[in-house]
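Chemist: Quick one: this structure, given as structure tokens, is what I'll be asking you about.
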Amino acid sequence: MDGQENEQRSTGDEAAPATGRARRWASRPRRNGRPPGWLRRLGTVLALLVVTLAGVVGGTYAGGHVSTDIGPFRAQLNLSPSLSGGTTVDVPPLGALLLDSHDGPAYLTVELGALDQRRTEALIDDPASISRASQSAVEDVRSGVMRLGLRTLASVVLATVLLAGLVFRDVRRMAWAGGLALVVGAGSLGLAAATVRPQAIEEPRYEGLLVNAPAIVGDARRIANDYTRYAEQLQRLVGNVSKLYTTVSSLPLVQPSPGTTRVLHVSDMHLNPTGWQLIRTVVEQFNIDVVIDTGDITDWGSEPEASFVGSIGLLKKPYVYIRGNHDSAKTAAAVDQQPNAIVLDNSTVTVSGLTIAGIGDPRFTPDKETSPAGSGLTKQVAEQVIGVGEQLATTVNKSPRKVDIALVHDPASAGPLSGTCPLVLAGHAHARQVSKLPQVPGKQPTTLMVEGSTGGAGLRGLEGEKPTPLTMSVLYFDQQKLLQAYDDITVGGTGQSQVNLERHVIQDPKKGDQVPVTPTPTRGGSESPVPPSSSPSPTTTG
725 MDGQENEQRS TGDEAAPATG RARRWASRPR RNGRPPGWLR RLGTVLALLV VTLAGVVGGT
785 YAGGHVSTDI GPFRAQLNLS PSLSGGTTVD VPPLGALLLD SHDGPAYLTV ELGALDQRRT
845 EALIDDPASI SRASQSAVED VRSGVMRLGL RTLASVVLAT VLLAGLVFRD VRRMAWAGGL
905 ALVVGAGSLG LAAATVRPQA IEEPRYEGLL VNAPAIVGDA RRIANDYTRY AEQLQRLVGN
965 VSKLYTTVSS LPLVQPSPGT TRVLHVSDMH LNPTGWQLIR TVVEQFNIDV VIDTGDITDW
1025 GSEPEASFVG SIGLLKKPYV YIRGNHDSAK TAAAVDQQPN AIVLDNSTVT VSGLTIAGIG
1085 DPRFTPDKET SPAGSGLTKQ VAEQVIGVGE QLATTVNKSP RKVDIALVHD PASAGPLSGT
1145 CPLVLAGHAH ARQVSKLPQV PGKQPTTLMV EGSTGGAGLR GLEGEKPTPL TMSVLYFDQQ
1205 KLLQAYDDIT VGGTGQSQVN LERHVIQDPK KGDQVPVTPT PTRGGSESPV PPSSSPSPTT
1265 TG
């Protein structure tokens, strides 16, 4: 018995130490609360990666944007994270072009902003500057993208280091996170640069108003396919324009009687800076007293276009303006801010002894969904334009002063003004025409003068086989404020250098110019056609 007990005791004593070591090994994690070393290292690596990615994304959004000049435009370049890459060129308010320009986790957005008026006019004034601008445009973009990349990298590293400092509170781990951010950022930009596809501009995807798609996409393809010829044409255009100014400066001057008031009638500028150069030349050479603008000074009525009207103040002459169907309320407000501008909207003003009444167009249709009088006015549009003519006729009849000139944008609005005043000025049609309104029995005869486009119809002036000429008229009023003569000035359109002046002297100012009578649209009936010889193509309307 004693032997068995000794054996059992001996066995128990030998097993006890092993059981104690196992118990101590098993209880060690519970005592210090720390996981194994390999698990801790894995957690640290994962945390570094998460912090780095968060810093890269946040830094890209925070610092991935720069402003740069591209030709006469002020552009904003923005970089954002993306899985597939690509570029968006945003052209407000026309829409956007989406280009499959590159791969990689970086997406570029180019936002074209305001058109800088001084730089635009500098391109027109200096024949050599357009060549330099065309040659430096690519360099402008490249320089802007390089600055964008460096700024984004700096922002990414800074954001990651700051975030790592908040999370880890450890200098070594902050350095690791910053280094990883630099590698990720530089690698992403390097991948985008290595996969750039310049030919992507030939296959753009357009987002915006459907009516603009053919012009925007078509222009992009045409410029990409024949950029050299495009640049040469621009350079030749500016050279011709310089000759035009010299020719206009030497135009003969009419010798009116003392007390004559000289009025320059312009219309449908459509954002063409060349028009301002011609206006300033004529204002100075012809000693103009008042400038009258019958609308469509812009193309889309957008806020970036508002800077275009800044040249009004440089004329230092009264500038009477009514809104066209391409001009928005913002456009009218921008014109009204010019120190010498007067915006009429069913109102009258007396300037240089002339009492002028005017009303803006009732429509805002920058997508060109309407056409001029005589070429397909719908019943609804006819009701609108005739309605504003009736409103203005009421204002003219109630005016305490005799109205000398009435202003409407669309000549279809002129009908109700027959007999209320001797002269109605209009635009919209992009084709000059002088006619008499059907006379109201017992009322004075009324002449309707429709101006062409002082801006050569803008870009749409290039849609036809021949460019639309730039036109304006100088009107001479005698001491009785009746039209005694007028000069029609025509400057050849884009790429042409011919200048023409036609002088018309009115034999009997009280009866007006001896021109044909042109019926205008009436309510509830079909509009009477404009003579085919003067009817503009619907594709060139304002």
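In the numbering used here, the protein residues as written are 725 to 1266. The C-beta atom is built at its ideal place from N, Cα and C for all residues, glycine as well.
1. Which residue marks the beginning of the alpha helix (DSSP H) containing Leu906, and which one marks its end?
2. Between Glu1029, Ile1003, Leu995, Thr1074, which has its C-alpha nearest Leu836's C-alpha?
3. Please state the DSSP three-state secondary structure of Asp1020.
4. So, is Ala1155 buried or exposed, given that buried needs 16 or more other C-beta atoms within 10 angstroms?
5. Just how far apart, CA to CA, sit Thr919 and Gly828?
6. Helix or strand or just coil, what does DSSP make of Gly1188?
7. I think Met993 touches Gly1179, with their Cβ atoms under 8 angstroms apart; what is that distance to the nearest whole Å?
8. Give the DSSP bridge partners of Gly1082, in chain order.
9. Can you tell me where the alpha helix (DSSP H) holding Glu1114 begins and where it ends?
10. Taking Leu1172 as part of the beta strand (DSSP E), name the residues at either end of that continuous run.
11. Quick check on DSSP: helix, strand or coil for Thr1005?
12. For Ile1066, which of helix, strand or coil comes out of DSSP?
13. When we look at the beta-carbon of Arg1247 and count the other beta-carbons within 10 Å, is it buried (16 or more) or exposed?
14. Measuring CB to CB, does Ser1007 end up less than 7 angstroms from Leu1038?
15. Over the uninterrupted alpha helix (DSSP H) stretch that includes Arg1125, give me the two end residues.
16. Taking Thr1195 as part of the beta strand (DSSP E), name the residues at either end of that continuous run.
17. By the DSSP assignment, the beta strand (DSSP E) with Lys1160 in it spans what residues?
18. Relative to the C-alpha of Asp1211, which residue among Arg866, Gly1077, Leu1199 is closest?
19. For Ala830, which beta-bridge partners are listed by DSSP?
20. Do the CB positions of Ala1065 and Ile1021 come within less than 7 angstroms of each other?
21. Report the option in Thr1018, Val1073, Leu1078 whose CA atom is closest to the CA atom of Ala1056.
22. Which whole-angstrom value describes the C-beta separation of Thr812 and Asp864, a residue pair presumed to lie in contact below a C-beta threshold of 8 angstroms?
23. Pick from Pro1193, Val880, Lys1235, Ser867: whose alpha carbon is nearest that of Ser991?
24. What is the rounded straight-line gap between the Cα of Thr776 and the Cα of Leu822?
25. Could you pull the DSSP bridge partners for Ser1052 from this structure?
26. Is it buried or exposed for Gly761, if we count other Cβ within 10 angstroms and need 16 for buried?
27. Bridge partners for Val781 per DSSP, in chain order?
28. Quick one: Cα of Leu874 to Cα of Leu763, how far?
29. Given that a residue counts as buried once 16 or more other Cβ atoms are within 10 Å of its Cβ, and exposed if not, what is Thr784?
30. By the three-class DSSP mapping on this structure, what secondary structure does Val865 have?
31. Just to check my reading of the structure: Ala1117 and Leu1141 have Cβ atoms closer than 8 angstroms, yes? What is that Cβ distance to the nearest angstrom?
32. In this structure, how does DSSP classify Val790 when only helix, strand and coil are distinguished?
33. Using the three-state DSSP reduction, which class does Tyr954 fall into: helix, strand or coil?
34. Could you check the C-alpha separation between Val880 and Leu807 for me, to the nearest Å?
35. Note down the Cα distance separating Thr1072 from Val1033, rounded to an integer number of angstroms.
36. What separation, rounded to the nearest whole angstrom, lies between the Cα atoms of Asp1085 and Ile1046?
Modeler: Judging by the given coordinates:
1. 895-918
2. Glu1029
3. coil
4. buried
5. 8 angstroms
6. Confidence at Gly1188 is low in this model, with a pLDDT of 44, below 50, so its placement is unreliable and the value that follows should be read with caution. Residue state, collapsed to three classes: coil.
7. 4 angstroms
8. Paired residue(s): Ser1071, Leu1131.
9. Element bounds for Glu1114: 1103-1122.
10. 1171-1174
11. Looking at Thr1005 - three-state DSSP - the assignment turns out to be helix.
12. strand
13. exposed
14. The sequence given here has Val at residue 1007, not Ser. Contact flag unset, no.
15. Run containing Arg1125: none; DSSP gives neither H nor E here.
16. Bounds of the beta strand (DSSP E) holding Thr1195 are 1194-1201.
17. 1157-1160
18. Distances from the CA of Asp1211 to each of Arg866, Gly1077, Leu1199 were compared; the closest alpha carbon is that of Leu1199.
19. Pro805
20. Not in contact: Ala1065 and Ile1021 (Cβ atoms no closer than 7 angstroms).
21. Ranked by how close their Cα comes to the Cα of Ala1056, the residues Thr1018, Val1073, Leu1078 have Thr1018 in first place.
22. Their Cβ separation, rounded to whole angstroms, is 18 angstroms, which puts Thr812 and Asp864 out of contact at 8 angstroms.
23. Among Pro1193, Val880, Lys1235, Ser867, the Cα nearest to that of Ser991 belongs to Pro1193.
24. Roughly 30 angstroms between the two C-alpha positions.
25. Answer is none; Ser1052 lacks a bridge partner.
26. The residue in question, Gly761, is exposed, as its Cβ has fewer than 16 Cβ neighbours within 10 Å.
27. According to DSSP, which records beta bridges pairwise, Val781 is partnered with nothing at all.
28. Their backbone Cα atoms lie some 37 angstroms apart in a straight line.
29. buried
30. If DSSP states are grouped into helix, strand and coil, Val865 belongs with the helices.
31. 5 angstroms
32. strand
33. Since pLDDT at Tyr954 reaches only 39, below the 50 mark, its modelled position is unreliable, and the value read off the structure follows with that caveat. Here Tyr954 sits in helix by DSSP.
34. Going by the C-alpha atoms only, they are around 17 angstroms apart.
35. 22 angstroms
36. Looking at the backbone, the Cα of Asp1085 and that of Ile1046 are separated by about 8 angstroms.
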